[in-house]
Structures are given as structure tokens and as C-alpha cells.
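Note that the protein sequences, when read in sequence, are chains R, L and F. Note that the first sequence covers residues 331 to 693 in the numbering used here. Note that the second sequence covers residues -3 to 317 in the numbering used here. Note that the third sequence covers residues 10 to 516 in the numbering used here. Think of the CB as a built atom: it goes at the ideal place given N, C-alpha and C, for glycine as much as any other residue. As the structure is a prediction and not an experimental result, all values here were calculated from the model. Everything below concerns the one structure shown next.
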Amino acid sequence: MIKNFFDKAKNSHTWKENLVNLTTQLLNYLIILIIALFIGAVVMFLSGKDPIAAYAALWQGAFGNGYRFADTLDRSVIMILAGIAGSIAFRTNITNLGLEGQLYIGAFAAAWAGFTFTNLPAIVHIPLCMIAGIIGGALWTLPVLYLKMRWKIPELVPTLMLNYIAIRLTDYLIAFPFRDPAAPMAGSPLIAATAKLPKLIKGSTINIGFIIAIVLIFVTYWFLFKTKIGYELRMVGLNQDFAAAAGLPVKRSIFLAMTLSGGVIGLGGALMIQGFFGRFLGGFSSGYGWDGFMIAIIAQNHPFAVFPTALFYGALANGALTMQSVTGVPQAVVAMVKGTLVLFVTVKVFVENIRKGLRKWAM
Amino acid sequence: MGNVDLSSILTLSLFAAALRMATPIIFATMGGIFSSHTGIFNVALEGFMLIGSFFAVLGSVRTGSPYGGLLYAVIACLVAALVFAILHLELKANPIIVGLAMNIVAIGLTNYLLTATFNVWGVYKTDLIIGFQEVQIPLIHQIPIIGELLSGHFPLVYFSFVSVYIVYLVLYKTPFGFHLRSVGENIDAAESIGVNTKRMKYYGLLVSGLLCAFGGTFLSLSYLTMFSEDMTAGRGWLAMAAINFGRMRPVPSMIAGLIFGFADALAVRLQQFGLPSQIVVMLPYLMTVIVLFISAVVAERHKKSLVAKQNKIDIATPLQP
Amino acid sequence: MSEALSVKNITKAFPGVLANDNISLSVEKGTIRAIVGENGAGKTTLMNVIYGLYQPDSGQIFINGEEVTFSSPRDAIAQGIGMVHQHFKLVPSYTLAQNIALGVEPRKGIFIDELALNKSVKAIADKYGFQINEREVTADVSVGEQQRAEILKALYRGVEILVLDEPTAVLTDIETKELFVMLRNLVEQGITILFISHKLREVLEISDDISVMRAGKLVGTVKCEETDECQLAEMMVGRETIGGRMRETKQKGELIMEIEGLSVLDNRDLTAVKDASLNLYSGEIVGGAGVDGNGQEEFVEALLGLRPLTSGKIRIDGKEIQELSTREIREAGVAYIPSDRYRSGVAVEGTIWENMVPGEYYVKPYSNGLALAMPEIMMMSGTLIQKFNVATPGLDAKTGNLSGGNIQRVIAARELGLEKAKVVIASQPTRGIDIAGTEAIRQMLIDYANRGAAVFVISADLDEILSLSDRVVVFYEGNVLDAGYYDETIRQRISWLMTSGKDYCVD
């Protein structure tokens, strides 16, 4: 009898419904992408630049050859981690806008572990720095959690303020106590060679951080959808009243979601320092925290959707450099396209109409 | 650190600087108040101001006058506000996400146009930008102490305080203001007397755009005469905190703005005394968190005393007939 | 004496319910007419039709003898009818005067003429003998004064017929007396008043005539001096139980849950439950009757650990649970079917299985270390779905897509399906559910009691209470009053307790 039920379920309405939903979403994303690219093209055109050449250079820069492609993948690492960090928080209905600050603190903590310990074997040193990054990012969420849980202060403004405080705090740290006079710009001492992430392909900056990021996507998926705690976070995010009435640990879930979010992007900071910069550099982040916010929103907080979105953002970041040097179109246009995507992502009008059309066609 | 004593820090010029640095925050705060009263918490103040700053410079260069700059800024910000309004009110997009995305778009757009229009990177500073000149108020500027404090500011500094008064008058003394505020406070009451709530929300967003244009113009045509990437530096967020602290009322919110301006000015002054600039520059943002914390503590105490009052009344009534 | 207001053959239906069934009544000018009836009798619908929020499906409305039609409440006000709602439409930060004149403020140029505003409001207040501090901020004044402002809001616009919806529900006794004095003043000035209430004691004190509604129909109109609580209660509640009795009373078992001296505050930090006590026995169904808003919600939330108690003890099998977390309370054997299924009952965006497992996912066999054991979870969910006849395309379907009745079955399946609960607390379990679903849920509760659980069903539907309960208590103004065991006269006892808090009737 049970088997019958499951067979019925597989062939039923739900399967078709799911397909319609998936196609609707993909078409919606396509439309929004076209709109965003179009608006970017219009702005470029109106200011006397050639949008086709710009986009072509962008593409070339991101995917033009093997090395460039590998570099794009490397750029995607921080995007993946930031997107995952955002997703975990938003899925639990927490408005964590402090990813940038958590990134800075995590990166600094990792750098500190990198240059403070000099006699450790790589097999210990590398994970140590990564753990330092995770702890740094997670710790930076604690003040916000205190304000939220004890005083009911919504996290939106405090997380934002802590961004600025983190950036200035780390600026101070590398200007005075941890200054490296030999650094070209304001920066910490170089991390030990044993803390650096091994490269994957010669001629590209891609390193094992990429593997870690991919693994993290799967781990996050498993965590969110296959574990007890993941279930709790998701239910608290869907309906906190229901979760409380059902006996789920609401406070603990909020705490975990926030600290994990900070921890994940802290890890992203560690990977950047250990894999790319080699030291903590002031201003190293070109807004990756905000990229994380955007990626999470676009990916609707799902780890498997974070991957292509993050890849796209990585491609934009990498390709923009080429675009700027080859065609003179400033990288900033990419920020515009990214932002415009998010502007339209919560508009339901396209989705509703597409779904109606698809339903009629499919049923 | 040099000899630090209060009298050398708390000089008149510090307070004058505080007024100056509070100005953009106050403009953004007043704009945000208008929108908040219709129920939309505008998180795009930062982006609007940045757009205002850029277009003010563009306008000043094109027209040769700071007022031309102001006009360009106003038009650009109203367009931005209109985009926000249409996305949220017509296309039903989430206003927090739209606002945050607009901030990102604003950064991208202004950075892009900086290079595309002026052929420079990062900063645009030239004599072609005509900023506002400071003005001396006749008579007042001759009074010792008060004169140094109040006179000699840029026109927009004075106008920021005028705007507080105008916002206060409109919101609290006109029928329009009453109807607008009812939308945010009790939408049922508003609808029951026939207020067009959607139109009010449009007004709220447009006015916030307008006032942010003034704030942005001040940054690039008075406080400094240039445009640099991301020059608003978080003042839009400070405005949000000021609105929160002032409970959406113009005068208390203005006071919060003044406090943040003071923190900014103090930060600059303390640097001259050898305190590390990075720490000191944290001051306004730390102040915001502290202000939120104090607000919450006070609110909880107030609620506790109200409850005690009410329950006394309640307990006093006979329970059963 | 002229007729201020008269309605003829008003009928109004909503999907699934005939709210007003051919209602005709007329009210004389300068009198107070009370409209009484239980929850769901149709009183509010009728008032909404009269004040212009709804258009009747058929029927006519006459004011002062002339037929009128309203397309909106503002039309109605223009014609002289104004409504004072139970939930005030006041802006908390405005002064009373500003609220009263909202939308019709006197002006001086583009500004509001504050002086004229306050004066004109004071003038209206004086005209009708109202005590009001018009310059006070609304949020700071008592509920009674806020209500006066709502009334003045209508009078300020020149209405002559006032409709009040449960005006005394939010007032203290003293404020109620003050309100009645004012209503008498208004009536002497020629204003006609209709008010909805279920508190018979007060209705008898203030009205001239009383119209009783039940199940959408007008049962009758009586003169106040010619009737009493007993007669009214009987008219309101009727003699026949609709649907008959489903429960066959069995022997009750041991004491499972003891609630002693429970006091709870509501969201405004006012007392919602006063020193309530209740015992629940194995195998017994206790019905919790009473009009909404007498403390039921707060009582239930306190039992489940969702709301703090100011005092009292709760015990299950002798062990105290009032300090425990919701999860621990549920582990002690409490099942809960909340009244607001969309808010607390399910996660609408979640899948069926996600809504089925919150009580089990964290223990074996439904989890294994950190991970969920999906096969076992799906198996359990599938079994429960079938057992409780939930119509759903699959376990992965979005719960919000199901009908109300099916969502309630999901909740019932989750709470009752594994047969682990010792106590079941069901709050308004069949509200808004179709007939088939209602029968099914009621049967589930009965079956569960037969298996030895203690069942507490709170319902504003008296027929449901009478159909299911072995014993009944009544929620009245925060108290839990005992109506005793089911017998032929219990219907009357319940109706008296529900409407006046007394379990006897003065003849």
C-alpha cells in the first residue's frame, strides 16, 4: 500500500508542476539577465562607448583561454563562499548585511595565524589559518546577535555599522601593531609559505581554495537539506511562529545561522589571503560581501544555484579587468549590471505570466 | 600623543565643523523620514545621495554654476526615486532588496560615469567644478562666539536646518501631512477616510530622493568640491539610524544627525592630536550602535513602567459581577 | 415616532455560508437597539451592510423612510450612518481632536487651523455631553477615551445613526458605565444607536429594544423591559443542537493534566487569564466554550510554553511543566492544534513532510547522528497522509497549496497520528473547514479520547462543544468557569456563563 502511494506520487501532478516551476525560474532569470545587460549596454552607448565590444572583451577576459578560465574559477571562490554565507543567513530570515565586515575580520584573523606561526608544517598551518578565518568571521557576528536577541534590535543597521568598524579596525591593525614596512601598500606581514594554498594550474592563480569552495557547496546542501539543524534553520526561516509552536529551538537556530554565516565568509577571507594575496592588504575586498548578498538573493538561497551565480559573478570580475584594459570601459559598469539584476529579481510579474503561459501549454 | 586637554579639543571651530558635517546626514534623514511615515523604510538613502553628489558635479561643470549642479542632482535623484517607487509599488518588488540593490547600482553607475564622462579614475577634482561659496550672515557674524559658530557656512548648511523646519511644518501642520502619516501608522484609518495610500507612498519616496539630492550636492559642491568614488561613506546608513533614534520625528532625528556630525568632526580633530585616524574614524559608526542600544534600553524601561501603570488600573476593577 | 433606520429582506452570502438570511428590522429614531447573537450569528455582517462596507445580495435599506444605497462607508457617512469598530481606526500618535477631524480638518490657508480644530471638536463633545481631553495624544489615553473619540469622529461628520461593534469588549466596568451614560445623552439628542454585543447583562441595562440573531436569521426583536437574560440566552442559543451529538460518554480515567491558578498577560500586558484552574482526565473530552477574546488564546499559549505565566502551576502526571520549553512540554505528552493554522500550525511554504516531522525529526529512527533519515521520514509522512486522508499530490508538495481542510488534516495527522500524546489541546479545530473535514476532525478527537488521552477542545462554536464534550468549561473575561457535565440542561448553563458569567438565571 505504501509502495503504491510512492509510485503514484512519482508519476503525479507534482512532477509536472516541478518541471513547470523550474522552467519558469530559468526563463525568468534569462529575462532579467537580458534586461540587466541591456540597461548596461544603454548606459555604455549613451556615454559614447561600444557595448558590443565591451561585452565581447568581458567574455574574452573571463573565458578566452584556459588560463583565463582558471582565473575566473579562482575569482569565483570568494563569490561562492559569500553567496553561501548570505544564503544561510537569509534562509533563516536574518538580514545579515555585515558580510563585508565579517570578511575583513576573518581575513585578518587568517593572516594573523599565517604570519604569527612560523614553524608549523603546511598540513597544520593551512587548516589553522582557515579555522582562524572562520572564528574571526563568526565572532564578528556576536555583537549583533547580542543586540538582536537580548534587546530586540533588528540586525539590519548594526550589521551595516560593523562593516565600517571592521574595515577601520583592520586598517588600524595593519597601520600600527601589525604593520609591515616592506609592504607596497598598507598591509600585514607576509604569511608563512607553509600557510599558502597550493596552486592547481601553473600560469593561473587557481588553487585548492576552489576545491574547498566546491566541496563547501555540497556540504552546505547536505547541511541545509539533510541534517537536523538544517531543517531547523529552514523552518525557523519559513515561519518562526510555526517553529516555536512545534517546539523547534528558535533562538539556537538564529544564533547558529548568524555565526555560520559569518564563519563561512570568514573562511572566504582566509582563502583569499592564503590563496591570492599572501598577506592582509588594506582594501582587498572590492565589495565581495555585497556580492554575497546579491548572489544569495539571485540564487534564492539555494547552494546549487549559488554555484552558477557565483561563477557568473566571478566571470564578471575577471572579465571586467580585460574589458577595462582593452576597451577602456570602466569595471564599474559590471557593478551596475549586477545591481540591476537584483533590482528585478524580486519582481514577480515575469514569473507569474511565464508560469501561466507554461501551465496552459503543459496541461 | 600630544598634550590632550578638553579645551583644546572642544573649540568653537569643532562645533562649527560639526554643523557642517551633520548637513548631509540631516538632509538624508529628513528625506528618509518622509518615506518612513508612509510605511516604507528607505534603505537607498546612501545610493540616492551618491547619485546626487555625482550629478551635482556634472551639472556644475556643464552649467558653470552650483545651482545648475543642484538642479542636475535633483533631477537624477527624482528619477532614481521614481525607479524605486515603480519597482516596489507597481511591480511589487521587495523594498529592502530594491533599496539595497539601488545602492549597488548607484555605486556602479557613478563610478562608471566618473570615468566615462570625465576621463579620470577614482577622483575628479578640477577648477571647472564651481561649488557654493560660504556666506556670512550680516550682523550675526559680528557677534563674538555665536558669529564664529553660526556664520560663514555654506548656504546648504543653513538650508538643511530650514528643511527640518519645512518637513516639520508639512508633516505636522498640514492636512496633507496628517493624511500621509496616517498611511504609515494605521493604514485602515487612512483608507477609511479616503486617502490614496499608493500615491502617498510615491510622494514619500520622491521627497526622500529630493532631499538626498540636496545632501549629495552638499558633499560634492560645498564640503568638498570634487567627486570621489563612494564619497557618501555610509552617511546614508547613519541617516537611517538617526531616523530610528528620533522615532521618525524631525527634530529628535535632526539631533541624532547633529550627534553623528559631531562624532565625525571630533574624529577629524582627534586625529590632529595624534590619535590614530583609523580608530577615531570609527566613531560615528560606533556611536550609531550605541545610540540604538540606548534607545532599546530606554524603550524597555518605559514599557515596564507603562505596564505597571496599566495593571494597577486593571487590577482595581472588580473581577466578577 | 419615526423610523430612523429600516432594512428589509437583507440577504448576504459568502462562499460556503449564508451570513444574513432575509433579515428585516426597523429602529425608531432616538432609541438604542442591541443586536445580540453568538459568534457567527451574522451580526457583524449585517452591520457591515448597514454601514456600507458590503453591498447586500438583495434587500433594501431605508433611512428616515427614504431608500438609500451605499457603495462605500464614506457614502454611508454622508447619508448619516457611522460605525465605531471594535478595533479602532485611530492613528496612535495624533491627538484625539486630530483623529476626530481626520480628513475634514478646518484649514487656514495650506495649514491646519489648530485652534478651530480643537474648538470645533470640543463643541461637538459638549453638544453631546462627552467628557474628552481633545488635546491628549491618542496612544496615551485610556481605551474608554479612545472609544469616545471614535464615536465623536462619526458625530463630527454629522451622522445621526451610530453603529457600535462590541463596544464594551475592550472596556473596564467603570468605563462601560461611563459609556452608557453617554449613549443615553446621545439618544436624548436624537441620535439613534445600534450596537452589537454578546454581553446580555449590559444589553439589558442600556437598550430599549433587543434583536436576536442566530445562524444568519433574525430570531426576533423584544422590548428590553419585557425580557430577561434567560429568555435572551435561549433565543441566542436555541434548543436544538445542530448536527446531533457525536460523543458517547465513557468512563473517565486518572488525572493527567492539572492546571492550577494560571494567570497570563496578553500582548498589551493586560491580564488575559485570571487565576484559572482546570483538570484534564484520561479518556475525557472537555469542551472550552466562550466567545473569542475571553482569554482562550493566551491560556492555550501558556500551556504550550509559548507565552510566559505571571503565576500558576501546570502538571502532567504530577510533574511540573510550566517552566519547560515548548519541546519539553510536547515531549511530556502534549499535542497542540492551534487556532490560527496559517500562523502557528504549518509553514505554508514548506513541503508536506517538512510540516509532518517537527516533533520527531530529532530522534531515532527519523535521524541518524547529524543527518535526517529521509526514508523513515517519508515513510512516516506517507503513512500519516493516508491514515488521515489528506488529499495532496505528494509529500513534496507545497503545503500552502492545499485546501484549508486538508491543511488541518495535516496538522491533525502530525499531532495525533503517532498516538503518543497524553493530552490534546485543540483550539478552534474546525473553524473555516468544510463539512466533511469537520466531521473527520471531530471523529479523530473522539477516537483519540477513546484511546485514553485527555482532550481539551476550545471552540466558539457551541454546537461543536455540545457534540463532543463530556464536560464543559466556559471562558468568560479571563476566568475559566465550570459548566459541569453534559446533560439536557447544559446548553442553558453554558449560554448563561458565556453571556454573563453566572451559571444560574434569575427568573
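ask   = Quick one: does L/MET278 have its CB under 8 Å from some CB of chain R?
value = Counted from its first residue, the second sequence places residue 278 of chain L at position 282. Closer than 8 Å to some Cβ of chain R, the Cβ of L/MET278 qualifies, so yes.
ask   = Would a C-beta distance cut-off of 8 Å place R/GLY719 and R/ALA440 closer than the cut-off?
value = What is shown of chain R runs 331 to 693, which leaves residue 719 of chain R out entirely.
Extent of the continuous beta strand (DSSP E) to which F/ASN31 belongs = Within the third sequence, residue 31 of chain F is the residue found at index 22, counting from 1. Looking at the DSSP string, the run of the beta strand (DSSP E) that includes F/ASN31 is 26 to 37.
request  = List the residues of chain R whose Cβ lies closer than 7 Å to the Cβ of L/VAL334, in chain order.
outcome  = Outside the displayed range of chain L (-3 to 317) lies residue 334 of chain L, so it cannot be described from this structure.
request  = Return the first residue and the last residue of the alpha helix (DSSP H) that F/ILE183 is part of.
outcome  = In the third sequence, the residue the question calls residue 183 of chain F occupies position 174. First-last of the alpha helix (DSSP H) with F/ILE183: 182 to 197.
query = What's the gap between the Cα of F/MET507 and the Cα of F/ASP470?
reply = Reading the third sequence from its first residue, position 498 is the one you call residue 507 of chain F. Reading the third sequence from its first residue, position 461 is the one you call residue 470 of chain F. Just so you know, the alpha carbons of F/MET507 and F/ASP470 end up roughly 12 Å apart.
key: Beta-carbon neighbours of L/GLU181, restricted to chain F and to distances below 9 Å   = Within the second sequence, residue 181 of chain L is the residue found at index 185, counting from 1. VAL100, PRO101, SER102 and TYR103, listed in chain order.
ask   = Is DSSP giving L/HIS149 helix, strand or coil here?
value = Mapped onto the second sequence, residue 149 of chain L falls at position 153. It is a strand residue.
CB-CB length for F/ASN273 against F/GLU234, believed under 8 Å = Stepping through the third sequence from its first residue, residue 273 of chain F is reached at position 264. Stepping through the third sequence from its first residue, residue 234 of chain F is reached at position 225. According to the sequence as given, residue 273 of chain F is Val; it is not Asn. At roughly 40 Å, the Cβ-Cβ gap does not stay under 8 Å, so F/VAL273 and F/GLU234 are not in contact.
key: CB-CB length for R/GLY644 against R/ILE521, believed under 8 Å   = Within the first sequence, residue 644 of chain R is the residue found at index 314, counting from 1. Within the first sequence, residue 521 of chain R is the residue found at index 191, counting from 1. Not quite, the Cβ-Cβ distance comes to about 23 Å (not below 8 Å), so this is no contact.
request  = Would you check if there are 3 or more beta carbon pairs closer than 8 Å linking the stretch 14 to 30 of chain L to the stretch 228 to 241 of chain L?
outcome  = yes
task = Taking only beta-carbon positions, decide if F/GLN156 is within less than 8 Å of chain L.
result = Position 147 of the third sequence holds residue 156 of chain F. With 8 Å as the cut-off, F/GLN156 does not count as an interface residue toward chain L.
query = Relative to the alpha-carbon of F/LEU209, which residue among F/GLY253, F/THR201, F/ILE202 and F/MET244 has its alpha-carbon at the smallest distance?
reply = To locate residue 209 of chain F, count along the third sequence from 1; it is residue 200. When each option's Cα is compared against that of F/LEU209, the closest is F/MET244.
message = Quick check: is the beta carbon of F/ASP516 nearer than 8 Å to any beta carbon in chain L?
response = What you label residue 516 of chain F is simply residue 507 of the third sequence in a count that begins at 1. For F/ASP516, the predicted structure reports a pLDDT of 49, less than 50, and the residue's modelled location is therefore unreliable. A value from the coordinates is still provided. False, the Cβ-Cβ gap to chain L never drops below 8 Å.
ask   = Can you tell which of F/LEU14, F/GLY49 and F/ASN31 has its C-alpha closest to the C-alpha of F/GLY441?
value = In the third sequence, the residue the question calls residue 441 of chain F occupies position 432. When C-alpha distances from F/GLY441 are compared across F/LEU14, F/GLY49 and F/ASN31, the shortest belongs to F/GLY49.
request  = Tell me the start and end of each unbroken alpha helix (DSSP H) in the stretch 48 to 124 of chain L that is at least 4 residues and wholly inside, in chain order.
outcome  = 62 to 81 and 91 to 114
message = Cβ closer than 7 Å: which chain R residues qualify as neighbours of L/VAL101?
response = Taking the first residue of the second sequence as 1, we reach residue 101 of chain L at position 105. Result: MET666, GLY669, THR670 and LEU673.
inquiry  = Do R/LEU601 and R/THR527 count as a contact pair if the criterion is CB distance below 8 Å?
reply    = The residue given as residue 527 of chain R occupies position 197 in the first sequence. The residue given as residue 601 of chain R occupies position 271 in the first sequence. This sequence places Leu at residue 527 of chain R; Thr is not what is there. Contact: yes.
query = Can you check whether the CB of F/ASN108 is closer than 8 Å to the CB of F/THR54?
reply = Within the third sequence, numbered from 1, the residue matching residue 54 of chain F stands at position 45. Within the third sequence, numbered from 1, the residue matching residue 108 of chain F stands at position 99. Their beta carbons are not under 8 Å apart, which means F/THR54 does not touch F/ASN108 by this criterion.
F/GLY247, DSSP secondary structure in three states = If you number the third sequence from 1, residue 247 of chain F lands on position 238. In this structure, F/GLY247 counts as coil in the three-state DSSP scheme.
ask   = Taking 8 Å as the CB-CB limit, is F/ALA380 close to chain A?
value = No chain A is part of this structure, whose protein chains are labelled R, L and F.
task = Name, going along the chain, the residues of the stretch 608 to 620 of chain R whose beta-carbon falls closer than 9 Å to a beta-carbon of chain L.
result = Residues passing the 9 Å Cβ filter: GLY617 and TRP620.
inquiry  = How far does the beta strand (DSSP E) with F/ALA281 in it extend, from its first residue to its last?
reply    = Walking along the third sequence from the start, residue 281 of chain F turns up at place 272. Looking at the DSSP string, the run of the beta strand (DSSP E) that includes F/ALA281 is 280 to 290.
ask   = Would R/ILE364 be called buried (16 or more neighbouring beta carbons within 10 Å of its own) or exposed?
value = Here residue 364 of chain R refers to the residue found at position 34 when the first sequence is read from its first residue. The residue in question, R/ILE364, is exposed, as its Cβ has fewer than 16 Cβ neighbours within 10 Å.
ask   = Quick one: what does DSSP say R/LYS678 is sitting in, helix, strand or coil?
value = By 1-based counting over the first sequence, the position of residue 678 of chain R is 348. Coil.
task = Would you list the residues sitting across from F/TYR494 in a DSSP beta bridge?
result = Position 485 of the third sequence holds residue 494 of chain F. Paired residues: F/ARG480.
key: Separation of L/SER32 from L/GLY242, as counted between CA atoms   = Here residue 242 of chain L refers to the residue found at position 246 of the second sequence. Here residue 32 of chain L refers to the residue found at position 36 of the second sequence. Looking at the two C-alpha atoms, the distance is approximately 12 Å.
ask   = Taking any Cβ of chain R, which residues in the stretch 142 to 168 of chain L have a Cβ under 8 Å from it, in chain order?
value = none
inquiry  = Can you tell me whether F/ALA400 is buried or exposed? The criterion is at least 16 other CB atoms within 10 Å of its CB, across all chains shown.
reply    = Locating residue 400 of chain F in the third sequence gives position 391, counting from the first residue. When all chains shown are included, F/ALA400 counts as exposed.
ask   = Applying the criterion that 16 or more other CB atoms from any shown protein chain within 10 Å of the CB defines a buried residue, is F/ILE444 buried or exposed?
value = For this step, residue 444 of chain F is matched to residue 435 along the third sequence. F/ILE444 is classed as exposed because its beta carbon has fewer than 16 other beta carbons within 10 Å across all chains shown.
query = How would you label R/MET331, buried or exposed, when you count the other beta carbons within 10 angstroms and need 16 or more for buried?
reply = The residue you call residue 331 of chain R lines up with position 1 of the first sequence. Summary for R/MET331: the model assigns pLDDT 48, below 50, so the residue's position carries little reliability; its value from the coordinates is reported in the next sentence. With fewer than 16 Cβ atoms within 10 Å of its Cβ, R/MET331 is classed as exposed.
key: Pick from F/PRO402, F/ARG116, F/GLY262 and F/THR280 that is closest to F/VAL179, judged by C-alpha positions   = By 1-based counting over the third sequence, the position of residue 179 of chain F is 170. It is F/THR280 whose Cα lies nearest to the Cα of F/VAL179.
request  = Could you round the C-beta distance between R/GLY467 and R/LEU433 to whole angstroms and report it? I think they count as a contact, below 8 Å.
outcome  = As a first step, residue 467 of chain R must be located in the first sequence, where it is residue number 137. As a first step, residue 433 of chain R must be located in the first sequence, where it is residue number 103. At roughly 7 Å, the Cβ-Cβ gap stays under 8 Å, so R/GLY467 and R/LEU433 are in contact.
ask   = Quick one: is R/MET624 near chain F, going by C-beta distance under 8 Å?
value = Within the first sequence, the letter at position 294 stands for residue 624 of chain R. Not an interface residue.
message = Among R/MET374, R/THR448 and R/TYR551, whose alpha-carbon lies nearest the alpha-carbon of R/ILE418?
response = Numbered from 1 along the first sequence, position 88 holds the residue referred to as residue 418 of chain R. Of the candidates R/MET374, R/THR448 and R/TYR551, the one whose C-alpha sits nearest the C-alpha of R/ILE418 is R/TYR551.
request  = Measuring alpha carbon to alpha carbon, tell me which of F/LYS17, F/ALA462 and F/GLU145 ends up nearest F/PRO101.
outcome  = Along the third sequence, read from residue 1 onward, the residue named residue 101 of chain F stands at position 92. F/GLU145 is the residue among F/LYS17, F/ALA462 and F/GLU145 whose C-alpha sits nearest the C-alpha of F/PRO101.
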